[in-house]
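Each residue of the sequence shown is one higher than the one before, starting from 468 at the first, in the working numbering.
Every residue, glycine too, gets a C-beta built ideally from N, C-alpha and C.
Remarks on the structure that follows.
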Amino acid sequence: MEYKRVLTVQDLSCLGQCSGSIALTTLAAFGYETCLLPTALLSAHTAFRGPYVCQLTDSIGPIAGHWKREGIRFDAILTGYLGAAEDIAPVLGLIDDLLAPGGVCVVDPAMADSGKFYSGLNEAYGDAMRGLCARADVLLPNRTEASFLTGLPESAPAAALLEALPQKNAILTGSISTPEETGFTVKEGETIREYRQRKVPGRYFGTGDLFAAVLTGKLLRGASLRDAACMAGEFTSEAVKLTYETDKRSYGLKYEPLLHRLGGSL
Ligand code: PXL
């Protein structure tokens with residue numbers, strides 16, 4: 468098996484499964500060397516009240532600079548929630564410096580949902596994020612993020628939102644949401660296709676983060692965007708089903724008991 472190296476750039480929320488902790492464990496479960504560059508350290512994610520937040524903006528450049536001097540290159544870079552508009556420039560710089568030739572850059576704008584920015588983020592962050600999205604080989608916005616990025620209403624047809632995005636490859640997560648079904652829509656070049664799944668009742672934290680991590684892992688295995696998306700959708704849906712059994716849904720997804728399945732997916 469070829470040993471691949473992946474970098475994820477997002478916050479580390481110590482409590483509550485999301486972002487960096489999901490990406491680190493999920494990509495490692497595939498068997499990849501997985502590095503996390505934390506853009507912020509939080510006591511817990513922002514669905515908890517009043518988390519302690521330590522923004523690490525000033526550390527991003529020096530950490531990436533050290534790796535560059537060491538000659539480190541990554542086969543894939545996955546970016547997610549960063550936390551500050553000022554993070555975007557150093558993150559763009561590290562992608563230029565550290566992504567191996569032919570490597571894949573997956574960007575989850577991870578800034579908003581249900582019509583509003585996540586706590587602590589604002590329009591200035593959204594504007595800066597547009598610059599990072601422009602660098603993505605694969606972009607993973609939800610409906611709110613696609614609306615903020617394109618200026619179209621969140622309720623616009625999924626195909627219209629995807630067509631308005633300049634990226635060649637993008638997946639609109641949560642593009643379908645009815646009482647019975649949930650789903651996502653994949654734009655792969657000229658082709659746009661939607662995928663539906665049976666909905667599990669309730670709202671769940673971290674689904675986009677898990678989807679992004681599994682998708683990146685599968686892409687690195689050589690899967691097509693649509694196959695990687697279907698596998699990421701199925702895995703996330705299994706984690707949601709498992710979480711449904713618990714009464715602590717706002718903590719995040721109970722995905723850990725499923726991770727062993729990823730190692731076999733060569
Ligand atoms: O799941 C996205 C996410 C990641 N990291 C932090 C968050 C959120 C969503 O609110 O608060 C810290």
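Where residue i falls, given that 16 or more other Cβ within 10 Å makes a residue buried
{"i": "residue 478", "result": "buried"}
{"i": "residue 642", "result": "buried"}
{"i": "residue 733", "result": "For residue 733, the pLDDT reaches just 43, beneath the cut-off of 50, and the residue's location in the model is therefore unreliable, leaving the point undetermined."}
{"i": "residue 622", "result": "exposed"}
{"i": "residue 713", "result": "exposed"}
{"i": "residue 521", "result": "exposed"}
{"i": "residue 633", "result": "exposed"}
{"i": "residue 654", "result": "buried"}
{"i": "residue 722", "result": "buried"}
{"i": "residue 570", "result": "buried"}
Beta-carbon spacing of residue i, residue j below 8 Å
{"i": "residue 544", "j": "residue 572", "result": "yes"}
{"i": "residue 500", "j": "residue 548", "result": "no"}
{"i": "residue 497", "j": "residue 669", "result": "no"}
{"i": "residue 675", "j": "residue 649", "result": "no"}
{"i": "residue 475", "j": "residue 503", "result": "yes"}
{"i": "residue 490", "j": "residue 680", "result": "yes"}
{"i": "residue 601", "j": "residue 617", "result": "no"}
{"i": "residue 603", "j": "residue 564", "result": "no"}
Alpha carbon of residue i to alpha carbon of residue j, nearest angstrom
{"i": "residue 585", "j": "residue 578", "result": "6 Å"}
{"i": "residue 611", "j": "residue 583", "result": "7 Å"}
{"i": "residue 671", "j": "residue 580", "result": "12 Å"}
{"i": "residue 683", "j": "residue 695", "result": "8 Å"}
{"i": "residue 702", "j": "residue 693", "result": "14 Å"}
{"i": "residue 734", "j": "residue 536", "result": "Residue coverage of the chain in this structure runs from 468 to 733, which leaves residue 734 outside it and unanswerable."}
{"i": "residue 728", "j": "residue 699", "result": "12 Å"}
{"i": "residue 567", "j": "residue 685", "result": "18 Å"}
{"i": "residue 588", "j": "residue 687", "result": "31 Å"}
{"i": "residue 598", "j": "residue 718", "result": "31 Å"}
{"i": "residue 592", "j": "residue 524", "result": "13 Å"}
Closer than 8 Å to chain C by CB, residue i
{"i": "residue 722", "result": "In the structure shown, chain C does not exist; there is a single protein chain."}
Any non-hydrogen atom of ligand 3 within 7 Å of residue i CB
{"i": "residue 584", "result": "Here the bound small molecules are ligand 1; ligand 3 is not part of this structure."}
(message) Just to confirm the assignment: which complete beta strand (DSSP E) runs, minimum length 3, are found wholly within the region 531-572?
(response) 541-546
(message) Give the list of continuous beta strand (DSSP E) stretches no shorter than 3 residues that lie fully inside the region 573-644.
(response) 636-644
(message) Runs of 4 residues minimum, wholly inside the region 649-724: which ones carry the alpha helix (DSSP H) assignment?
(response) 674-687, 692-711
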